[in-house]
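Heads up: take any position in the sequence shown, counting from 1, add 12, and you land on my numbering.
Glycine is no exception: its CB is placed at the ideal position from the N, C-alpha and C atoms.
Note that the structure is a prediction, hence the values are computed from the model and not measured.
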Amino acid sequence: MRNHIIMLGLQVLLVIIATRLNAQNPLIRDQFTADPSARVFGDRVYVYPSHDILATEGRGRVGWFCMEDYHVFSSSNLTDWTDHGMIVHQNSVPWVRPDSYSMWAPDCIYRNGKYYFYFPTMPKDTSRVRGFTIGVAIAEKPEGPFVPQPLPIDGVRGIDPNVFIDKDGQAYLYWSQGHIYGAKLKENMVELASGPVVLGDLPNKGLKEGPYLFERNGIYYMTYPHVENKTERLEYATGNNPLGPFKITGVIMDESPVGCWTNHHSIIQFKEQWYLFYHHNDYSPAFDKARSIRADSLFFNADGTIRKVVPTYRGIGVTKANTQIQTDRYSAIADKGASIAFLDTAQKFQGWKTILEGAGAWVQYNNVDFGKKKLRSVTAMVQSPNGGTLQIRINDSEGPVLAEMQVAAAGKWQPVKIPLLRFEPDLHNLFVVSKDNNRIEIDWTGFE
C-alpha cells in the first residue's frame, strides 16, 4: 500500500491510501461501481467507473441512481486491482450543483502529456444549460490529482461522454441525450471544434445511450446500450468514419437474465487480447441502481464482426495458486448438486460461497497458475453440518487428483490444510469435487 495525494478541486487536498483488491467478477469487491471506462496507459489498465451509493433522505433521490464522486482503479495483470482513491467529487467542481448526486458515466483519455477526465452532471447555473452537461478535469498522471475546469464544455447537453482520438490526431467527443451525438474537439481537448451532429443509422426505437467508439483494422465501431425490449443490451454499428454514418451490425451482450435495467461498457485491447468491461447488479440483486463492474474477453470473427460475449463469474486474468481462490466465481458448475450463495445476506460485500451437496458435484475455476516451484499443501475454508470429502483436481472433474480432503462436521467455518498427493506446475483449470452426498460449503481454496 502506498499513499497518494489526491487533489479535489483547485485547492483541496486529501490523502488517500491506495487499496489493493484481488478480484474476478465483479472486479471491485468493496464498493459499488458502474459504467466502467477502461483505458490502457503504459503497461497498465486503468478503469474509471461511476460510483453508486445508496441514496438516503437529503442525500440524493431515494430509489434512484445516486453518485457523488469518482475513483480510479488500475491493474498490470487484470487480476490485482489497485484503488487509487477518489479523484473528483461533486463538491470540488466549481460549476456543479452540490446536491445533484448525478456524477454519472465518465471517460478518460491521454493527450500531449496530460490525462483528460470527462464527466457528466447537473450544473448550478441553469442559464447556460438545463439538464446534464459535461465537464473536464485534467491531470499529469492517470491516477491524478485531477483539476476540474471552471466551466463545462460549451455547446454540449447530455450524458455518457466518450472520447476517441483518430490516427490522424483528430479528437472526437460523443455523448447521448435521446440521440447519440458526436463532435470534433479542439487540440486543447476542452472545447468543441465543430457543432454536434446526430449520428445516423442507429436504432430509432427505444432508449440508446452510453456511446463508446473504437477502431480496428480500418473499421469504426460505434457501440452503445439499447433498450430493444425492457432492459438494455449492448449493441454495435460499424462505419468508415468516426462520425458515421454507421450500419447497425449486431449484439455484443444480451439483456441481463435477472432484469438489471442498465448496462454500460467499454472495449480495449491489452497485450494482444480484446476485453469488454461492463456492469451488473451482483452485490445488489434486489436493487439495480447499485451496480458492480465486470470484464470478460471479447473476440472478433474473420469479417470483423464481434462474437457475442456471454457474461461469466470467472472474468479475466490469471489467479496464482498461492492466493485465496474464490471458486464461487466459477468458470463452470455442475448442473446438479452445486450452487453459490452470499456468505452473509446482510453484508453482501463479504462475497459468496460455493455449496456442494451431491456425490460428483463439482465447480470449475479456470486459469490457476501453479508456478514452477513445488507446492506441498492445499487449504480450504469450509464448513459442513455432517462432514464429507472433497477432491481437488485439475483439468477435468475426473482429472488428476491433487488432494483428497476430509471435512469434519462443524457448524462454523474452519480452515482444513492437507498435503498434496501430487504437484503439477504451470497453468491449469482447478476443479473442486464432492465425493459424497453430504453438504459442504467452501469459502476459498489456496495452495502453498
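Pull up the CB-CB distance for residue i and residue j, whole angstroms please, since I reckon it's below 8 Å.
{"i": "Val59", "j": "Ile305", "result": "7 Å"}
{"i": "Ile150", "j": "Phe131", "result": "Incorrect: roughly 12 Å between the Cβ atoms, too far for contact."}
{"i": "Leu433", "j": "Leu402", "result": "At roughly 13 Å, the Cβ-Cβ gap does not stay under 8 Å, so Leu433 and Leu402 are not in contact."}
{"i": "Pro48", "j": "Pro38", "result": "The Cβ separation is near 10 Å, so there is no contact."}
{"i": "Lys126", "j": "Glu155", "result": "With a Cβ gap of about 13 Å, Lys126 and Glu155 do not count as contacting."}
{"i": "Phe258", "j": "Leu288", "result": "Not confirmed; about 19 Å, so no contact."}
{"i": "Asn313", "j": "Asn398", "result": "So it is not a contact: roughly 50 Å between Cβ atoms."}
{"i": "Trp107", "j": "Pro164", "result": "6 Å"}
{"i": "Gly170", "j": "Phe144", "result": "6 Å"}
{"i": "Leu246", "j": "Ile231", "result": "Between Ile231 and Leu246 the Cβ distance is about 17 Å, and since that is not below 8 Å, they are no contact."}
{"i": "Phe44", "j": "Tyr295", "result": "7 Å"}
{"i": "Thr366", "j": "Thr339", "result": "5 Å"}
{"i": "Gly70", "j": "Tyr113", "result": "Not really, about 10 Å apart at Cβ, beyond 8 Å."}
Can you list, in chain order, the residues of its chain with a C-beta nearer than 7 Å to that of residue i? Leave out the 5 residues immediately preceding and following it.
{"i": "Arg109", "result": "Met134, Pro135, Lys136"}
{"i": "Leu22", "result": "Interpretation of Leu22 is limited by its pLDDT of 31, a score under 50 that renders its predicted location unreliable; no figure is taken from the coordinates."}
{"i": "Thr285", "result": "Reading off the sequence shown, one finds Gln at residue 285, where the question assumed Thr. Contacts found: Ser309."}
{"i": "Ile337", "result": "Thr331, Tyr377, Val380, Leu442, Trp456, Thr457, Gly458"}
{"i": "Leu261", "result": "In the sequence under discussion, the amino acid at residue 261 is Thr, which differs from the Leu named in the question. Result list for Thr261: Tyr248, Ala249, Thr250, Thr317, in chain order."}
{"i": "Phe53", "result": "Tyr122, Pro154"}
{"i": "Ala46", "result": "Pro61, Ser62, Asp64, His276, His291, Arg303, Ile305"}
{"i": "Lys283", "result": "none"}
Beta-carbon within less than 8 Å of residue i's beta-carbon, same chain only, minus the 5 sequence neighbours each way: which residues are those?
{"i": "Asn407", "result": "His440, Asn441, Phe443"}
{"i": "Gly75", "result": "Ala67, Lys301"}
{"i": "Lys320", "result": "Gly262, Val263, Ile264, Met265, Asp266"}
{"i": "Ala421", "result": "Ser396, Pro397, Asn398, Gly399"}
From the DSSP output, read off the bridge partner residues of residue i.
{"i": "Val78", "result": "Here residue 78 turns out to be Cys, not Val, going by the sequence shown. Note: Cys78 sits in no beta bridge, so no partner."}
{"i": "Arg245", "result": "His238"}
{"i": "Pro403", "result": "The question names Pro, yet the displayed sequence has Gln at residue 403. In the DSSP output, where bridge partners are listed per residue, Gln403 has Glu416, Val445."}
{"i": "Val57", "result": "Val52, Ser87"}
{"i": "Thr331", "result": "Val380"}
{"i": "Ser62", "result": "Ala46"}
{"i": "His440", "result": "Val380"}
{"i": "Arg306", "result": "Tyr290"}
{"i": "Gln336", "result": "Partner(s): none; Gln336 has no beta bridge."}
{"i": "Leu225", "result": "Met234"}
{"i": "Thr68", "result": "Arg71"}
{"i": "Gln285", "result": "Phe282"}
Once the 5 residues before and after residue i are set aside, which same chain residues still bring their CB inside 6 Å of it?
{"i": "Ile65", "result": "Cys78"}
{"i": "Lys198", "result": "Ala205"}
{"i": "Pro427", "result": "Thr391, Met393"}
{"i": "Lys429", "result": "Ser389, Thr391"}
{"i": "Leu211", "result": "Ile192, Gly194, Gly256"}
{"i": "Gly400", "result": "Val419, Asp448, Asn450, Ile452"}
{"i": "Leu368", "result": "Ala350, Ser446, Ile452"}
Mark residue i as exposed unless 16 or more other C-beta atoms lie within 10 angstroms of its C-beta, in which case mark it buried.
{"i": "Asp315", "result": "exposed"}
{"i": "Val24", "result": "Here the model assigns Val24 a pLDDT of 34, short of 50, so the residue's position is not dependable, and the following value carries that caveat. Its Cβ having fewer than 16 others within 10 Å, Val24 is exposed."}
{"i": "Val326", "result": "Note that residue 326 corresponds to Arg in the displayed sequence, not to Val. Arg326 comes out buried."}
{"i": "Val330", "result": "exposed"}
{"i": "Ser446", "result": "buried"}
{"i": "Trp425", "result": "exposed"}
{"i": "Asp172", "result": "buried"}
{"i": "Arg341", "result": "buried"}
{"i": "Arg41", "result": "buried"}
{"i": "Asn293", "result": "buried"}
{"i": "Gln418", "result": "exposed"}
{"i": "Asp438", "result": "exposed"}
{"i": "Gln281", "result": "exposed"}
{"i": "Ala2", "result": "The structure shown does not extend to residue 2, since the chain spans only 13 to 460, so no value can be given for it."}
{"i": "Arg7", "result": "Here the chain has residues from 13 to 460 only, and residue 7 is not among them."}
{"i": "Tyr128", "result": "buried"}
{"i": "Asp356", "result": "exposed"}
{"i": "Pro269", "result": "exposed"}
{"i": "Arg140", "result": "exposed"}
{"i": "Pro118", "result": "buried"}
{"i": "Pro162", "result": "exposed"}
{"i": "Ala307", "result": "buried"}
{"i": "Glu460", "result": "exposed"}
{"i": "Thr138", "result": "exposed"}
Just checking: is the beta-carbon of residue i within a distance shorter than 8 Å of some beta-carbon in chain E?
{"i": "Asp47", "result": "Included in the structure is just one protein chain, with no chain E present."}
For residue i, verify whether its CB is less than 7 Å away from any heavy atom of the ligand ZN.
{"i": "Ile165", "result": "Summarising the ligand content, the structure contains no ligands, and the ligand ZN is consequently not present."}
Validate contact between the region 197-204 and the region 235-248 using beta carbons, cut 8 Å, 3 pairs: Judged by pairs of C-beta atoms under 8 Å, the region 197-204 does not touch the region 235-248, as fewer than three such pairs exist.
Using 8 Å as the threshold, is the region 274-283 in touch with the region 218-225, meaning 3 or more CB pairs across them? Cβ pair count under 8 Å is three or more, so yes.
Task: Touch test, the region 359-372 against the region 385-392, Cβ-Cβ under 8 Å, three pairs minimum - done: No, because fewer than three Cβ pairs between the region 359-372 and the region 385-392 fall closer than 8 Å, the two stretches do not touch.
Can at least three beta-carbon pairs, one atom from the region 347-354 and one from the region 366-382, be found at a separation below 8 Å? Yes, the region 347-354 touches the region 366-382.
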